[in-house]
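J.: Got a structure for you, questions after.
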Amino acid sequence: MEFTGRATDLALLGDRLKLVIEGRAANRGAAVIVTGRRRVGKSRLVQEFCDRSGVPYVIFQATLGLPAAVERSELAAAVGCSTLPGAELVAGLQATNWLQALRALAVAVPDDRPSIVVIDEVPWLSAQDRSFEGALQTAWDRDLSAKPILLILVGSDLSVMDALTSYGRPFFGRAPKMTVNPLHLGDVAAMTGLGAADAIDALLLTGGFPEIVQSWSPGMTRGDFLRQALSSPLSPFLAAGELTVSSEFPGTTSAYAVLRAIGGETRTFTAIAQYAGGEAPMSPGTLTPIIRTLLAKKVLAVDQPLSLKTDNRNKRYRIADPYLRCWLGVLADAVPLIERGRGDLALDLIERAWPSFRGHAVEPVVRESLLRLMPDTNWPQTGEVGGWWNRQNNPEIDIVGADRSPFARRIDFIGSIKWHEGKPFGTSEYNRLARDAIEVPGATHDTPLVAVSRSGFAGNVSPAAAWGPEDLLRAWQRP
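Going by the working numbering, the letters in the sequence shown line up with residues 3 to 481, in that order.
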């Protein structure tokens, strides 16, 4: 399948290789850590980069559960089949430890021209053999970095990859980290051929997962896509959620219960404990480490109200990527129907839930898009776009623009998001915003009021700034 999107990610890797080619790295070689959620397209990105690079390379992908001795043999086999000039010198090697295996890799790497070495799923190698990280550091310092090599270390376990270069770990200070995110709104619009509003719907459904976006035929409506995707329980649209949850939390029913709670818009600690606990609330001693793990793995994100007043305890949790949020909040309940061959009932279920789900799920997309449009001539110092709420969620403000987060020194604007089809942002919505905005600590009667609407604005409404779907898309198409 044709590779599309990812121009920024390819450019970042290209810049790193250019350091090696031009001899501008601290050593002759350079390294980079590539991380990101499972199924986000890291391996495909790295393969495409290697294919386009024009230099010899080897890609070695670890296998979950294989003994370390077998992995070392597989590394030698991958090198032996690669385009590295010294590949035949390593083929068939039976290394007794990782240091020996990685030093043998250095033998295959040329001295007189650049090459690329990719080690994919580094966390699995570290889990199999605790000596791997130390061996990697030693081999890099003594052998690999002395050659014109770009070493790319890839991994999906975000907490492990973050720890790989943390202070006190062997590879600390030797490689910058690059995070591969899901496809952004601009990429999704280009790949689906949809207009701005419909492209945002496609982003909320697919989460920007490349394999799901690629299954959306150009110009296909949301309804047509759902009918096609719901026709088989094996479609990527349905399978990706189960694969993500089962691979990251195998056999962990408590973590899944927490995810289902948050995916269903249960967002406070107390409410999550009540939902996930079933008959009795889950104890803080059980829930706290689960949430901590989910945050470390970047499965969850935590929001705090943005204002001039400190409120550390008033947190709201949400699923970090749109697709997993959609799967947990809408699709998971439809899977049993699809498995019974009742895609029609599954479609009805999703369509009934869609307006409410979309109204909540679009909020972080809107905030991130507005932040990408900042600073502008109206607000040249806006550095953060968030939301605000009190303990009772009354009122709850969709948009707060400020100089910094989470505790601002200045509030630049207050706003509302209305994402209805065929219903413009009208007088009642504007008056409600004007009434509630003054509740935000730091806001005054002179604080500008702004609005975001899917379906335009009534003629008698004139906020200080009014953004629609095309403006949000433009934020992702800027050079």
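Glycine included, each C-beta is placed from N, C-alpha and C at the ideal position. Bear in mind the structure is a predicted one, so any value in this text is a computation, not a measurement.
By the DSSP assignment, the beta strand (DSSP E) with Met180 in it spans what residues?
T.: By 1-based counting over the sequence shown, the position of residue 180 is 178. Note, Met180: beta strand (DSSP E), 179-181.
J.: Are Leu101 and Gly31 close, meaning C-beta to C-beta below 7 angstroms?
T.: For the purposes of this step, residue 101 is taken as residue 99 along the sequence shown, with counting starting at 1. For the purposes of this step, residue 31 is taken as residue 29 along the sequence shown, with counting starting at 1. No; because the gap between Cβ atoms is not below 7 angstroms, this pair is not in contact.
J.: Measure the beta-carbon distance from Gln130 to Glu73 and round it to whole angstroms, keeping in mind my assumption that it falls under 8 angstroms.
T.: Indexing the sequence shown from 1 puts residue 130 at position 128. Indexing the sequence shown from 1 puts residue 73 at position 71. With a Cβ gap of about 7 angstroms, Gln130 and Glu73 count as contacting.
J.: Measure the alpha-carbon distance for Pro382 versus Ala64 and round it to whole angstroms.
T.: Mapped onto the sequence shown, residue 382 falls at position 380. Mapped onto the sequence shown, residue 64 falls at position 62. Those two C-alpha atoms are separated by around 47 angstroms.
J.: In this structure, how does DSSP classify Ser117 when only helix, strand and coil are distinguished?
T.: For the purposes of this step, residue 117 is identified with residue 115 of the sequence shown, where counting begins at 1. Three-state DSSP puts Ser117 in a strand.
J.: How big is the Cα-Cα spacing for Leu95 and Glu135?
T.: Translated into the one-based positions of the sequence shown, residue 95 becomes position 93. Translated into the one-based positions of the sequence shown, residue 135 becomes position 133. Distance between the alpha carbons of Leu95 and Glu135 is about 21 angstroms.
J.: I believe Val190 touches Val215 by the beta-carbon criterion, under 8 angstroms. Please report the beta-carbon distance rounded to the nearest angstrom.
T.: Position 188 of the sequence shown holds residue 190. Position 213 of the sequence shown holds residue 215. Rounded, the Cβ-Cβ distance is 6 angstroms, consistent with contact.
J.: Given a threshold of 16 other Cβ atoms within 10 Å of its Cβ, counted over all protein chains shown, does Tyr169 qualify as buried or as exposed?
T.: Translated into positions along the sequence shown, residue 169 becomes position 167. Counting Cβ neighbours within 10 Å, Tyr169 comes out exposed, since fewer than 16 surround it.
J.: State the DSSP-derived secondary structure class of Ser358, mapped to helix, strand or coil.
T.: Reading the sequence shown from its first residue, position 356 is the one you call residue 358. Correct three-state label for Ser358: helix.
J.: How big is the Cα-Cα spacing for Gly43 and Pro212?
T.: Your numbering for residue 43 matches position 41 in the sequence shown. Your numbering for residue 212 matches position 210 in the sequence shown. So the two alpha carbons sit approximately 6 angstroms from each other.
J.: Jot down the residue ranges of each uninterrupted alpha helix (DSSP H) in the stretch 406-442, minimum 4 residues, whole runs only, in chain order.
T.: Taking only runs of at least 4 residues, the alpha helix (DSSP H) segments lying wholly in the stretch 406-442 are 429-439.
J.: Can you check DSSP and say which residues form a bridge with Gln394?
T.: Walking along the sequence shown from the start, residue 394 turns up at place 392. Answer is none; Gln394 lacks a bridge partner.
J.: Count the other CB atoms within 10 Å of the CB of Cys328; is the residue buried (16 or more) or exposed (fewer)?
T.: Position 326 of the sequence shown, counted from the start, is the residue given in the question as residue 328. Classification for Cys328: buried.
J.: If I'm right that Gly417 touches Asp438 with Cβ under 8 angstroms, what's the distance once you round it to whole angstroms?
T.: Walking along the sequence shown from the start, residue 417 turns up at place 415. Walking along the sequence shown from the start, residue 438 turns up at place 436. Gly417 to Asp438, Cβ: 11 angstroms. No contact.
J.: Apart from the five residues just before and just after Phe409, which ones in its own chain have a Cβ nearer than 6 angstroms to its Cβ?
T.: Here residue 409 refers to the residue found at position 407 when the sequence shown is read from its first residue. Excluding residues within five positions, the ones whose Cβ falls inside 6 angstroms are Thr312.
J.: Apart from the five residues just before and just after Pro238, which ones in its own chain have a Cβ nearer than 6 angstroms to its Cβ?
T.: For the purposes of this step, residue 238 is taken as residue 236 along the sequence shown, with counting starting at 1. For Pro238, where only same-chain residues beyond five positions count, the Cβ hits under 6 angstroms are Glu213, Ile214, Ser217.
J.: Look up Ala242 in the DSSP assignment and say whether it is helix, strand or coil.
T.: Here residue 242 refers to the residue found at position 240 when the sequence shown is read from its first residue. The answer is helix: DSSP assigns Ala242 an H, G or I state.
J.: Name the one or two DSSP bridge partners that Arg484 has.
T.: Here the chain comprises residues numbered 3 to 481, so residue 484 is not present and cannot be evaluated.
J.: Any idea if Pro286 is buried or exposed, counting beta-carbon neighbours within 10 angstroms, 16 or more meaning buried?
T.: Position 284 of the sequence shown, counted from the first residue, corresponds to residue 286. Answer is exposed; the Cβ neighbour count stays below 16.
J.: Since Arg105 and Thr246 should fall inside the 8 angstroms C-beta cutoff, what is the C-beta to C-beta distance between them, to a whole number of angstroms?
T.: By 1-based counting over the sequence shown, the position of residue 105 is 103. By 1-based counting over the sequence shown, the position of residue 246 is 244. The pair is not a contact, with the Cβ atoms about 36 angstroms apart (cut-off 8 angstroms).
J.: Give the straight-line distance between the Cα atoms of Phe415 and Phe359, rounded to the nearest whole angstrom.
T.: As a position in the sequence shown, residue 415 is number 413, starting the count at 1. As a position in the sequence shown, residue 359 is number 357, starting the count at 1. Whole-angstrom Cα-Cα distance: 26 angstroms.
J.: Cα separation between Arg342 and Trp391?
T.: Taking the sequence shown and counting its residues from 1, one reaches residue 342 at position 340. Taking the sequence shown and counting its residues from 1, one reaches residue 391 at position 389. Roughly 42 angstroms between the two C-alpha positions.
J.: What residues in its chain sit with their C-beta under 6 angstroms from that of Val452, if we drop five residues either side in the sequence?
T.: Here the question's residue 452 lines up with position 450 in the sequence shown. Contacts found: Phe415, Gly417, Pro465, Ala466, Ala467.
J.: Kindly indicate the opening and closing residues of the alpha helix (DSSP H) around Val48.
T.: Locating residue 48 in the sequence shown gives position 46, where the first residue counts as 1. Taken as a continuous stretch (DSSP letters only), the alpha helix (DSSP H) holding Val48 covers 44-55.
J.: If you count every other CB in all the chains shown that lies within 10 Å of the CB of His447, and 16 or more means buried, which is it?
T.: One-based indexing of the sequence shown puts residue 447 at position 445. Exposed, because fewer than 16 other Cβ atoms sit within 10 Å of the Cβ of His447.
J.: Pull up the distance between the alpha-carbon of Ala363 and that of Glu267, whole angstroms please.
T.: Looking up residue 363 in the sequence shown gives position 361. Looking up residue 267 in the sequence shown gives position 265. Straight-line Cα distance between these residues: approximately 9 angstroms.
J.: Say whether the stretch 258-272 touches the stretch 342-351, bearing in mind that this needs 3 or more beta-carbon pairs closer than 8 angstroms, one atom from each stretch.
T.: No, they do not touch.
J.: Considering Gly157, what are the terminal residues of the beta strand (DSSP E) in which it resides?
T.: Sequence index remark: in the sequence shown, residue 157 carries index 155 (1-based). Per DSSP, Gly157 belongs to the beta strand (DSSP E) from 151-157.
J.: Could you tell me which residues DSSP puts in a beta bridge with Trp469?
T.: For the purposes of this step, residue 469 is taken as the residue at position 467 of the sequence shown. Trp469 is bridged to Val454.
J.: Apart from the five residues on each side of it in sequence, which residues of its chain come closer than 6 angstroms, Cβ to Cβ, to Pro235?
T.: What you label residue 235 is simply residue 233 of the sequence shown in a count that begins at 1. Answer for Pro235: Ile340, Glu341, listed in chain order.
J.: So if DSSP puts Val34 in a beta bridge, which residue, or which two residues, is it bridged to?
T.: Here residue 34 refers to the residue found at position 32 of the sequence shown. According to DSSP, Val34 bridges with Ile154.
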